[in-house]
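Taking it in order: structure first as structure tokens, then the write-up.
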Amino acid sequence: MKIQTGDTTRYVYDNKGHLLFERSSGSYSQRSYVWLDDIPLAVIDQKRRGNCWGVFDRNRFRQHPALFAPPVR
256 MKIQTGDTTR
266 YVYDNKGHLL
276 FERSSGSYSQ
286 RSYVWLDDIP
296 LAVIDQKRRG
306 NCWGVFDRNR
316 FRQHPALFAP
326 PVR
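In this note's numbering, the protein residues as written are 256 to 328.
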């Protein structure tokens with residue numbers, strides 16, 4: 256848990272020490288992490304309205320993250 260200027264962020268880890276979830280109480284943002292064994296696959300960043308703002312997918316062949324964002328409406 257991290258507390259900074261009235262905002263508390265909670266972190267949840269699995270039994271291997273991988274960060275699975277973080278949630279900030281003040282701004283109500285949350286971030287989920289997706290793992291395949293020990294390989295980080297994606298980060299799902301969600302804000303107050305429940306919209307997914309972006310998913311970062313690590314392409315194993317290119318070895319750098321690619322950004323997938325929801326369509327603009």
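From the three backbone atoms N, C-alpha and C, an ideal C-beta is built for every residue, glycine too.
Short Cβ contact (8 Å threshold) for residue i with residue j
i: T264; j: S287; result: no
Own chain residues within Cβ distance below 8 Å of residue i, not counting five before or after
i: Y268; result: L274 and L275
Collapsed DSSP secondary structure at residue i in the structure displayed
i: S280; result: coil
i: D262; result: strand
i: D292; result: coil
i: D269; result: coil
Contact set for residue i: own chain, Cβ-Cβ below 6 Å, skip 5 residues either direction
i: Q285; result: R278 and Q301
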